[in-house]
Amino acid sequence: MVDDGSDSLRRGGVPKRRPPSQFARGATVTDPELRERFAREWPDCWAESAALLEWTEPYDEILEDDDAPFYRWFVGGRLNAAENCIDRHLEAGRKTQVALRWEGKRGERRTYTYHDLHREVSAVAAALCDLGVGEDDVVTCYLPKLPELPIAMLACARIGALHNVVFAGFAPDALVERMADTDSSALITCDGAFREGTAVDQKRKADAALADLEASIPTVVVDRLGSDHETRLGPDQYDYDALVERFDGADVPPVARAATDPLFHIHTSGTTGEPQRMTHATGGYLAGTAWTTRTVFDLSPGDTYWCTADLGWITGHSYVVYGPLARGATVVLAEGSLRYPDRHRPWELIERNGVEVFYTTPGVIRTFMKWGESFPAAHDRSSLRLLGTVGEPIGPDTWEWYYRHVGDERCPIVDTWWQTETGAVLLSTLPGLDEMKPGAAGPPLPGIEAQVVDSDGRELPPGEPGYLTLTKPWPSMLSPVEGDRYWVLAEYWQQFSDRRADTWRYFTGDRAVVDEDGYVTATGRADDVVTVGNRRLGTAELEAAITAVDGVTEAAAVAGSADGETDLYVFATAEQERTDRDALRGAIRDAVVERIGRFAEPAAVVFTPELPETHSGKTMYRVLEGVVDDERLEDTEPLRNPEIVGELETVWRSE
Ligand code: WT7
């Protein structure tokens, strides 16, 4: 047999690197026995995460598994997430410490101390109450990266309402769907946003969505564009600043929520085409995010931290808002593009704010690489202490570049694997202790157990690629509301669990391989979901938008990295009489932009006479991925129409 690389996969392939000694000496977590201790004392070990929080009422039980796999954490406990992220820091003498440092697209800067944050969150909380929002109601937040977004989220948390953040780049259709299925009773949005200097209308999108909803709901509008742009407020629409002024100084006591009460909804894209409503519970989620913020990101109170994620995604929830603020850190929030006004912006942000911990994605790092090392080299980065990455596999070359040109070989890199569903990081090295392997996320964190299995759920030996599963529950895990239990069971728990033996195994939906040291490399999705720009999109949702175009019969969307960037590629079949391919291509692009959003615009639309299909008529995404990534699929046996592979390669090349 030829060398298929499995030998190097088993050994982990690339050389390991020890954590830089300067970092290791000052690291927060230094106990080399932490994993062993957590394994021995599981699930009691998780009391250590709960101990990072302030509880209104202590919990009785760490983990209740009577209703597995719907596990309940810290049962009997009560707490408020906003109180944990704000109030207790005031009492701990951090009133004048900066909580939030915002830098706008046009060079604006705003700073909020923990005291400021407390005051504005309380005012917004009072305003929401005045608009009729109560405990357990849902508030949709449709805002770009403005300070008002974390403030709105925390205001909801303060009164025990759930926030439902919808990425501001989504189109009205996507917003309507996400508002309707959370039964939202209020909306917080803004007048517009600046895109590379020009003002774009955000409120028009919100109004279009509101018009499609059955009932009218109160809407709060943040003024981002300033007085040059007039915004007309309709009935039941309120100016954010006017509300904050009116309720300034309000005393809104934080609502003590049960640990198992929901904190928020967020949508992820599933295999069904519908956006899927995910829910996280207050106690376990906050404990998990606070614990990983301390353990993985080494963040202590007062540290300055910058994560480039949008707040519309889980990374923004867990590692811009809840984790870092629960730790009492200073969070940098940068609106807009990293290349505007020029390519120095990220490094200026780090230098100006003295950023100690920086968290981004492989895609962003690849962009930095393309721009060249002269940009980071032109700035003082001596404040940096630790670097993180998330969202997709980071190749060893990208890892090395990040390590050398951003971290000057002084900063450990944590390659953190997790998902919307997991709430917090589950696989990562411990930065002061574990050796790093460029390209492999790392072993499961203390208290986490993962296994790579074959399609029958049997554990695979090191080096053999399979499916990534989790064999024990964890505090920040998905906590579905009543109506979601059925599909959650089907989507995540059915596949690999032995229900009769009552042993539950969570399926991540990822393909992965583990090496002999227990380091896991997640290699991509196993289901019909694409990850583009670190946004997970259901192929079914995309394809529905595409096949709605007149003249298009079938479509398949795949993520690929033909130009070193992860992009979306569409393969489509058209009605025979349609020869106007360029017009069709344009219509497909327009449909995706209109129905999903501009961020999902395909890099290329390729027409093919047929899509590659299995004998049971399922599109073989693997074949299309292979075409885009220029990797030949050897085993065409599962294909009904193997002859299409050669044809696909030809049409792809002629694009
Ligand atoms: C999917 C989750 C969790 C924040 C970002 C996206 C992929 C995530 C890694 C990593 C390789 C990774 C997985 C996962 N992924 N982190 N370190 N290495 N792949 O959240 O939208 O829920 O997507 O992102 O495929 O399942 P999400």
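Here the UniProt record's numbering is used: the first residue of the sequence shown is 1, the next is one more, and so on. Here a beta-carbon is modelled for each residue, glycine too, at the ideal position from N, C-alpha and C. Since the model is a prediction, treat every value here as computed from it, not as a measurement.
Any residue with its C-beta under 6 Å from a non-hydrogen atom of the ligand WT7 counts. Can you list them all in chain order?
T268, I314, T315, V390, G391, E392, P393, D415, T416, W417, W418, Q419, T420, A441, T508, G509, D510, A522, R525, T531, N534 and R536
Three or more C-beta pairs under 8 Å: does that hold for the region 525 to 539 against the region 556 to 572?
yes
Report yes if the C-beta distance between A23 and L427 is below 8 Å; otherwise report no.
Contrary to the premise, residue 23 reads as Phe rather than Ala in this sequence. For F23 and L427, no; Cβs fall outside 8 Å.
I need the straight-line Cα distance from P19 to T420, nearest angstrom please.
28 Å
Compare the C-alpha of I596 against each of E541, T619 and T650 and name the closest.
E541
Quick check on K370: buried or exposed, where buried means 16 or more other Cβ atoms within 10 Å of its Cβ?
Exposed: under 16 other Cβ atoms inside 10 Å.
I'd like to confirm the pairing. Which residues does DSSP put opposite H267 in its beta bridges?
R277
Look at V558 and E655 and say whether their C-beta atoms are less than 8 Å apart.
no
Taking one C-beta from the region 217 to 237 and one from the region 188 to 199 each time, how about it: are there three or more such pairs within less than 8 Å?
yes
Measuring straight from C-alpha to C-alpha, what distance separates residue 662 and D183?
Absent from the model: residue 662. The displayed extent of the chain is 1 to 655, so no value can be given.
For a test of the three-state rule: what should DSSP assign to W493, helix, strand or coil?
Looking at W493 - three-state DSSP - the assignment turns out to be helix.
Give me the residue from V627, N84 and S455 with the minimum Cα distance to L154.
N84
Ignore the nearest five residues each way along the sequence and tell me which others in F247's own chain have a CB closer than 6 Å to its CB.
Counting only Cβ-Cβ distances below 6 Å, and skipping sequence neighbours, we find A123, A126 and A127.
Using a Cβ distance threshold of 8 Å, determine whether the region 516 to 526 contacts the region 428 to 443, with at least three qualifying pairs required.
yes
Residue of W73, D87, P444 and D191 minimising C-alpha distance to A281:
The candidate whose alpha carbon is nearest that of A281 is W73.
Roughly how many angstroms separate the alpha carbons of T579 and G388, rounded to a whole number?
48 Å
Run through the region 453 to 524 for me and flag every whole beta strand (DSSP E) of 3 or more residues, listed as ranges in chain order.
466 to 470 and 506 to 514
When burial is assigned at 16 or more other CB atoms within 10 Å of the CB, is G107 buried or exposed?
That one is exposed.
Buried versus exposed, by CB contacts within 10 Å (16 or more), G5:
Annotation note: pLDDT 44 at G5 (below 50); position unreliable, no value reported.
According to DSSP, is R653 helix, strand or coil?
helix
Is the region 441 to 458 touching the region 24 to 44 in the sense that three or more CB pairs, one from each, lie closer than 8 Å?
yes
Assuming A556 contacts T650 under a Cβ cut-off of 8 Å, what Cβ separation, rounded to an integer in Å, is found between them?
Wrong, their Cβ atoms sit about 17 Å apart, outside the cutoff.
Can you list, in chain order, the residues of its chain with a C-beta nearer than 8 Å to that of R598? Leave out the 5 residues immediately preceding and following it.
G169
Please state the DSSP three-state secondary structure of G312.
coil
Is it buried or exposed, Y486, if we count other Cβ atoms within 10 angstroms and call 16 or more buried?
exposed
Residue range of the beta strand (DSSP E) that D239 falls in?
Q237 to D239
Between the Cα of Q276 and those of G391, E48, D181 and L468, spot the shortest distance and give me the residue it belongs to.
D181
Whole-angstrom distance between V332 and N353, CA atom to CA atom:
8 Å
Quick check: the region 475 to 482 against the region 282 to 293, are there 3 or more CB pairs under 8 Å?
yes
Closest to T189 by CA distance: which of R204, E177 and P609 is it?
R204
By the 10 Å Cβ neighbour count, where 16 or more other Cβ atoms means buried, how is D3 classified, buried or exposed?
Low local confidence applies: a pLDDT of 39 at D3 is under 50, so the model's placement there is unreliable, with the coordinate-based value given in what follows. By the 10 Å Cβ count, D3 comes out exposed.
Please return the same chain residues whose Cβ sits closer than 8 Å to the Cβ of D60, not counting the five positions on each side in sequence.
Residues of the same chain with a CB within less than 8 Å of the CB of D60, apart from the 5 flanking positions on each side, are V75, G76 and G77 in chain order.
Three-way DSSP call (helix, strand, coil) for G249 in this model
DSSP places G249 in the coil class of the three-state scheme, outside both helix and strand.
Top-ranked residue by Cα proximity to W102, from E631, I350, D251 and V623:
I350
Tell me whether T469 is buried or exposed, calling it buried when 16 or more other Cβ atoms sit within 10 Å of its Cβ.
When all chains shown are included, T469 counts as buried.
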